[in-house]
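Reviewing the structure listed below.
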Amino acid sequence: MSKQNNAPPTALKRLLRDPQAIVVISILVILGLAIIIGPLLSQFDPARTDLGSALAPMGENGHILGADSAGRDILTRLLFGGRNSILGALLAVSVAVGIGTTSGLIAGYFGKWFDTLSNNAASLLQAVPGMVILLAARSVIGPSMWWMMAIFGVLLSAGTFRLVRSTVHSVRNELYVDAARVSGLTDWRIIFKHVLRVVRGPVLIQAGFLMMIGLAIQAGIEILGLGDPGMISWGGMLSDAFARILVAPQLMLWPSVMLATFCLCLTLLANSLRDALDGTQRTSPATIRKVNREIRAEMAAEAAFYADNPIMMGEDELLHIEALKVGYAAPDGSITEIIHGIDLQVNRGEVVGLIGESGSGKTQTAFAAMRLLSEGGSILSGRVVWKGRDLSTVSEAEMSTIRGTEIAYIPQEPMSNLDPSFTIGYQLMEPMRHHLRISKKEARARALDLLRRVEITDPERVFKSYPHQVSGGMAQRVLIAASISCEPDLLIADEPTTALDVTVQAEILDLLRKVQAETGVGILMVTHNFGIVADLCDRVAVMQLGEIVERGDTVTMFKTHDHPYTKQLFSAILDPEEIREPYVAPSGAPSPAAASLVDTSLVEEAEGRLETKTVSKGASA
Amino acid sequence: MSRASYEAGHLAGRDALGQELLQGTDRPLDPNAPLLEINDLVTDFPLKGFRAKPFRALKGVSLDIRAGECVGLVGESGSGKTTLGRAVLGLAPVTAGSIRLKGQEIGNISAAVRRRVGRDVQVVFQDPYTSLNPAMTIEAILAEPLLTRKVPKAEARERVAHLLEEVRLPADAMHRLPKEFSGGQRQRIAIARALALSPELIICDEPVSALDLSTQARVLDLFKEIQERTGVAYLFITHDLDVVRHVSHRVAVMWKGEIVESGDTAQVTRDPQHPYTQRLWMAAPVADPAKQKIRREERRELLAAQAEAGEATLAFAA
Numbered sequence: 000m001s002k003q004n005n006a007p008p009t010a011l012k013r014l015l016r017d018p019q020a021i022v023v024i025s026i027l028v029i030l031g032l033a034i035i036i037g038p039l040l041s042q043f044d045p046a047r048t049d050l051g052s053a054l055a056p057m058g059e060n061g062h063i064l065g066a067d068s069a070g071r072d073i074l075t076r077l078l079f080g081g082r083n084s085i086l087g088a089l090l091a092v093s094v095a096v097g098i099g100t101t102s103g104l105i106a107g108y109f110g111k112w113f114d115t116l117s118n119n120a121a122s123l124l125q126a127v128p129g130m131v132i133l134l135a136a137r138s139v140i141g142p143s144m145w146w147m148m149a150i151f152g153v154l155l156s157a158g159t160f161r162l163v164r165s166t167v168h169s170v171r172n173e174l175y176v177d178a179a180r181v182s183g184l185t186d187w188r189i190i191f192k193h194v195l196r197v198v199r200g201p202v203l204i205q206a207g208f209l210m211m212i213g214l215a216i217q218a219g220i221e222i223l224g225l226g227d228p229g230m231i232s233w234g235g236m237l238s239d240a241f242a243r244i245l246v247a248p249q250l251m252l253w254p255s256v257m258l259a260t261f262c263l264c265l266t267l268l269a270n271s272l273r274d275a276l277d278g279t280q281r282t283s284p285a286t287i288r289k290v291n292r293e294i295r296a297e298m299a300a301e302a303a304f305y306a307d308n309p310i311m312m313g314e315d316e317l318l319h320i321e322a323l324k325v326g327y328a329a330p331d332g333s334i335t336e337i338i339h340g341i342d343l344q345v346n347r348g349e350v351v352g353l354i355g356e357s358g359s360g361k362t363q364t365a366f367a368a369m370r371l372l373s374e375g376g377s378i379l380s381g382r383v384v385w386k387g388r389d390l391s392t393v394s395e396a397e398m399s400t401i402r403g404t405e406i407a408y409i410p411q412e413p414m415s416n417l418d419p420s421f422t423i424g425y426q427l428m429e430p431m432r433h434h435l436r437i438s439k440k441e442a443r444a445r446a447l448d449l450l451r452r453v454e455i456t457d458p459e460r461v462f463k464s465y466p467h468q469v470s471g472g473m474a475q476r477v478l479i480a481a482s483i484s485c486e487p488d489l490l491i492a493d494e495p496t497t498a499l500d501v502t503v504q505a506e507i508l509d510l511l512r513k514v515q516a517e518t519g520v521g522i523l524m525v526t527h528n529f530g531i532v533a534d535l536c537d538r539v540a541v542m543q544l545g546e547i548v549e550r551g552d553t554v555t556m557f558k559t560h561d562h563p564y565t566k567q568l569f570s571a572i573l574d575p576e577e578i579r580e581p582y583v584a585p586s587g588a589p590s591p592a593a594a595s596l597v598d599t600s601l602v603e604e605a606e607g608r609l610e611t612k613t614v615s616k617g618a619s620a
Numbered sequence: 000m001s002r003a004s005y006e007a008g009h010l011a012g013r014d015a016l017g018q019e020l021l022q023g024t025d026r027p028l029d030p031n032a033p034l035l036e037i038n039d040l041v042t043d044f045p046l047k048g049f050r051a052k053p054f055r056a057l058k059g060v061s062l063d064i065r066a067g068e069c070v071g072l073v074g075e076s077g078s079g080k081t082t083l084g085r086a087v088l089g090l091a092p093v094t095a096g097s098i099r100l101k102g103q104e105i106g107n108i109s110a111a112v113r114r115r116v117g118r119d120v121q122v123v124f125q126d127p128y129t130s131l132n133p134a135m136t137i138e139a140i141l142a143e144p145l146l147t148r149k150v151p152k153a154e155a156r157e158r159v160a161h162l163l164e165e166v167r168l169p170a171d172a173m174h175r176l177p178k179e180f181s182g183g184q185r186q187r188i189a190i191a192r193a194l195a196l197s198p199e200l201i202i203c204d205e206p207v208s209a210l211d212l213s214t215q216a217r218v219l220d221l222f223k224e225i226q227e228r229t230g231v232a233y234l235f236i237t238h239d240l241d242v243v244r245h246v247s248h249r250v251a252v253m254w255k256g257e258i259v260e261s262g263d264t265a266q267v268t269r270d271p272q273h274p275y276t277q278r279l280w281m282a283a284p285v286a287d288p289a290k291q292k293i294r295r296e297e298r299r300e301l302l303a304a305q306a307e308a309g310e311a312t313l314a315f316a317a
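Sequences listed follow chains A and B, in order.
Quick note on numbering: numbering that gives the first Met the number 0 labels position 368 of the first sequence as 367, and the sequence is numbered without any gaps.
Quick note on numbering: numbering that gives the first Met the number 0 labels position 195 of the second sequence as 194, and the sequence is numbered without any gaps.
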């Protein structure tokens, strides 16, 4: 079926594609099978002492791994001991996951008093030293490995509880949980169908680590000699070997190997599981470097050609983008081209709109012009020329200066572009002090002046404020102030008003117009809103799927446009004159007769009510 | 599907939904009463801190919606419009006042009663990316509200196919996951989910704000078409004035937790009375350079006039 083909691989499939996971799983399966089946096949009784083969070396008397000081077969004991060690660790993990998940789900989802109570209980559990509790428990209950591991599970449950609780907290506010609630799902059903699914992955990963801790702690208890002497386990074998370490150090080897292998495998498996569940396929840095080398090699000839044929820029021309192609390195080492050869010019003092829908590549074009493509992205061919200089030939340091003083950027999300831990004033002053090399005092005066210029009524207060203390519109004013602080020639504004309310948007547009008129700066306005283009732009270019399909003078473009896509966009603009008519109830609105029918129905049985409802509904239809 | 057959399906659906649901219709039917009646609704959100004064998101809001009508709710972020929608859905607290659906109080009811009544009020959220569980197939998402009401599996499956048809998605969409769909398609799926229980009212919380321009127009048309076909009522919450003009019969304007103006769409949008509504209307840029130039002038004059009239504090609230 085709749906199977284009569906992205599930977490399990991704896990089985990871070579590390395959190796680790194979080792665990082989060891697991050996521990389950091995003892059945062994000719030796793990507890039978045979002084004749005491400390027998490997292979003697049929002892494949030799025998211990009491002449017991090491291999048989290793396999029998594995059963107990692993079951013990599993017991601890089950208790931890069982208690932690249940209480975490309830606390995270329902909150209230249970949340407070269980949270404090978890803090208490995490605060007490585990070993001390285990020792105390042993002195009360006696040397039972199972009890010890169960108690240890309770201690571990605090960690699982916290993990589950915080995961549930984040899912609980997802809109799809709200939607499920509105559809009438009970809380328990929401927990099982929506919340548990998200919690599953992290808990599984944590269980892998807990299993490892369980094995280690158990071995630790046994080595200290606090274990159950009647029970064979890896820890117990280590403890025996420890007592004879001077006589027969080789006895330490096999239980240590088993413990180390299991712990290592569990950790690696948990890591692979995390990657598989995370699911996002990232392009590795090595692949990116390889792809970049290929691109550079390919572009060498082109660069030579461009070097010989510099662009004769007009006096007014600022930014000149020619046949620009941009691509991103895919995880498999290929290149996904997202911009397919575009030309774009911005002149001094001109406002150029770059309009397109999501995925059209308008933002990537803007980033390519500033050489700020994100990891893995690069210019595949074509050139970006800034005031006569090909930007691909400019060093990173020079580029940074150009970005600070000649090209400025106004982002879409004002809040996420201000650092929450510094005051607005500091963030305004720093770039000026760096780029313009002016004193702190001078920078401060300029910053206050800038805030005044972007029509902030109380510049002193805003100067001292932290970003979270001002509104979104105010933050955008601050960023506009910052963008013009080093007197750039070009502003690149990426949807600068999309995150703002309509009235604030109008103010910001007015402000941009004013700033533009005052400073004569050129603006490249990336937007999806035709109202903004109509309001501010001199020229406009329409982008679709990485290409500029049509361009022209704004006034002309709004009157005539030829490309089918442009036509489609323009026709999608809602006509402000097209207002929906007031609602008229459908003819045959409930008549008094129908109303009386309904009234009498009130005293009837439930079925009868449904019938009358049909009647009245039918009448109104 | 005609209006009559929607209702037939509605009732047949109720039949199938069984006795449990019949109790959901257990309410006095006054055919002249509006479908939804909100009176003096107050919503407080507790704030952190000892004896902190709660935040009042809604300060006594009254609104009604008739069956089959679309009422647009306009306002800026923080105006309380989303809270109003969530209060009707039972997702936000009702501190005082009442919300009545067909005469029955649904403001402060237990979760169990809400589940019975709730089928008549459904929702389409703004963000089509987080409103669908990424781990569930479209079929599972659409069948969920039906299965939770004990509709037999085969019947639910049939209904899901039908729902996909209604929102113009191919039938094979059933077996796919949300991430395989574009924003517009996801929003269609969200609409289909809202329609699954044949509700009488759908709260649409900015349902087209996250969509591209051309997708937005098509989804809006779908909303209108479904309304005309089925007679479902909408509370259409949006900040986009063009959208609200296009889709609603009546408009209510919210500002700082209150409805400051309401009326027929044509009247409120052509001749706004409240200074805030006037500013709001003037603020949206027109997609026409010449008209926008005039609009800009008008806005400047309006702001100057309002400032003179002592509205200065309001005009620069941003």
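C-beta: ideal position from N, C-alpha, C; glycine also.
Just so you know, these numbers come straight off a predicted model, no measurement behind them.
Start and end residues, alpha helix (DSSP H) containing residue i
i      : result
B/A265 : T264 to R269
B/K292 : P288 to Q305
A/R164 : M144 to R171
A/Y108 : I73 to F109
A/Y305 : P284 to D307
A/H433 : I423 to L435
A/T526 : Counting along the chain, A/T526 falls outside any alpha helix (DSSP H), though it belongs to the beta strand (DSSP E) covering G521 to T526.
A/C262 : L252 to D277
Whether residue i touches residue j by CB criterion (8 Å)
i      : j      : result
B/H147 : A/L195 : A quick correction: the sequence has Thr, not His, at residue 147 of chain B. Contact: no.
A/L245 : A/E221 : no
B/V325 : B/V73  : Nothing in the structure corresponds to residue 325 of chain B, since chain B is present only between 0 and 317.
A/V622 : A/I98  : Because chain A spans 0 through 620 in this model, residue 622 of chain A falls outside it and cannot be assessed.
B/G79  : B/M253 : yes
A/T159 : A/V127 : no
A/H562 : A/E549 : yes
A/Y175 : B/L176 : no
A/E293 : A/S380 : no
A/M621 : A/Q217 : It is not possible to answer for residue 621 of chain A, since the shown part of chain A is limited to 0 through 620.
A/A20  : A/L14  : yes
Range of the contiguous beta strand (DSSP E) that encloses residue i
i      : result
B/D237 : Looking at the sequence provided, one finds Thr at residue 237 of chain B rather than Asp. Residues A232 to T237.
A/G226 : First-last for A/G226: undefined, no H or E at that position.
A/H339 : I334 to N346
B/V120 : V120 to V123
B/Q272 : Careful: B/Q272 lies outside any beta strand (DSSP E) and carries neither H nor E.
B/T381 : Outside the displayed span of chain B (0 to 317) sits residue 381 of chain B, for which this structure offers no information.
B/K204 : Just to set this straight, residue 204 of chain B is Asp in the shown sequence, not Lys. B/D204 -> beta strand (DSSP E) spans L200 to D204.
Residues bridged to residue i (per DSSP)
i      : result
B/A251 : B/L72 and B/S261
A/S380 : A/K324
A/I531 : In DSSP, A/I531 forms no bridge with anything.
A/D493 : A/V525
Using 8 Å as the threshold, is the region 190 to 206 of chain B in touch with the region 127 to 146 of chain B, meaning 3 or more CB pairs across them? Taking 8 Å as the limit for Cβ pairs, the verdict is that the region 127 to 146 of chain B does touch the region 190 to 206 of chain B.
May I ask you to verify whether the region 431 to 449 of chain A touches the region 508 to 517 of chain A, counting CB pairs closer than 8 Å and requiring at least 3? No: fewer than three Cβ pairs fall under 8 Å.
Within 8 Å, do at least three Cβ pairs link the region 255 to 269 of chain B to the region 229 to 238 of chain B? Touching, no.
Cβ contact (3+ pairs, closer than 8 Å) linking the region 570 to 584 of chain A and the region 389 to 406 of chain A: The region 570 to 584 of chain A, when compared against the region 389 to 406 of chain A, does not touch it at the 8 Å Cβ threshold.
Does the structure place the region 175 to 183 of chain B close enough to the region 121 to 138 of chain B that three or more beta carbon pairs sit under 8 Å? Output reads yes: the region 175 to 183 of chain B touches the region 121 to 138 of chain B.
Enumerate, from N- to C-terminal direction, the unbroken alpha helix (DSSP H) stretches of 4 or more residues contained entirely within the region 46 to 117 of chain B. Counting only runs of 4 or more, we get 80 to 88 and 110 to 116.
Examine the Cβ distances between the region 72 to 85 of chain A and the region 36 to 54 of chain A and report whether three or more of them are shorter than 8 Å. Yes, the region 72 to 85 of chain A touches the region 36 to 54 of chain A.
Between the region 161 to 171 of chain B and the region 81 to 99 of chain B, do three or more beta carbon pairs fall short of 8 Å? No contact exists between the region 161 to 171 of chain B and the region 81 to 99 of chain B.
May I ask you to verify whether the region 341 to 349 of chain A touches the region 306 to 326 of chain A, counting CB pairs closer than 8 Å and requiring at least 3? Short answer: they touch.
Give a yes or no on contact between the region 409 to 429 of chain A and the region 461 to 480 of chain A, applying the rule of three or more CB pairs nearer than 8 Å. Yes: the two stretches touch, three or more of their Cβ pairs being nearer than 8 Å.
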